[in-house]
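*Asks:*
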Amino acid sequence: EHLDGLVKKDKVVVFIKGTPAQPMCGFSNAVVQILRMHGVQGYAAYNVLEDQDLRPGVKNYSNWPTIPFVGGCDILLQMHQNGDLVEELKKWGVRSALLDAEPSQEKK
Numbered sequence: 001e002h003l004d005g006l007v008k009k010d011k012v013v014v015f016i017k018g019t020p021a022q023p024m025c026g027f028s029n030a031v032v033q034i035l036r037m038h039g040v041q042g043y044a045a046y047n048v049l050e051d052q053d054l055r056p057g058v059k060n061y062s063n064w065p066t067i068p069f070v071g072g073c074d075i076l077l078q079m080h081q082n083g084d085l086v087e088e089l090k091k092w093g094v095r096s097a098l099l100d101a102e103p104s105q106e107k108k
């Protein structure tokens, strides 16, 4: 299937409204910002607004009602906040830039 080829072509693939340079909704923007914070580069981004068959196709392919289907923006944000995204990126062969960030100073 066409979508299967798109998904398997790159380590990280996002289906968003708009582009990483110009997201067209807040959720897509949040996804782009989270990936940017983790230093994820060279990921494939597909604009679901440009291809009317892509959006329903992605939903059917992923069996998830919203895009993105790692779990939706809220799940991606939760994974970012609790550290699970670092581990998930590692599974995909992507090292999170947050691993190289200096630890924040705790207030005493």
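If you read the sequence shown in the UniProt record's numbering, its first letter stands for residue 1, the second for the next number, and so on.
C-beta atoms are modelled at their ideal positions from N, C-alpha and C, and glycine is treated no differently.
The structure presented is a predicted model; accordingly, all values stated were derived computationally and were not measured.
1. Residue range of the beta strand (DSSP E) that Val14 falls in?
2. In the DSSP assignment, find the alpha helix (DSSP H) that holds Tyr61 and state where it starts and stops.
3. Quick one: give me the first and last residue of the beta strand (DSSP E) that Ala44 is part of.
4. Using a threshold of 8 Å, state whether the C-beta atoms of Lys38 and Ala97 are closer than that.
5. Ignoring anything shorter than 4 residues or poking outside the region 69 to 100, list the alpha helix (DSSP H) runs there in chain order.
*Replies:* With the structure as the only source:
1. Position 14 of the sequence shown holds residue 14. Val13 to Ile16 is the span of the beta strand (DSSP E), which, as asked, contains Val14.
2. Residue mapping note: residue 61 aligns to position 61 of the sequence shown, counting from 1. Where Tyr61 is concerned, the enclosing alpha helix (DSSP H) stretches over Leu54 to Ser62.
3. Counting from one through the sequence shown, the residue named residue 44 turns up at place 44. Element bounds for Ala44: Ala44 to Asn47.
4. Start at 1 with the first residue of the sequence shown, and residue 38 comes out as number 38. Start at 1 with the first residue of the sequence shown, and residue 97 comes out as number 97. Here residue 38 is His; the residue named in the question, Lys, does not match the sequence. Yes. Within cutoff.
5. As far as the region 69 to 100 is concerned, its whole alpha helix (DSSP H) runs of at least 4 residues are 72 to 82 and 84 to 91.
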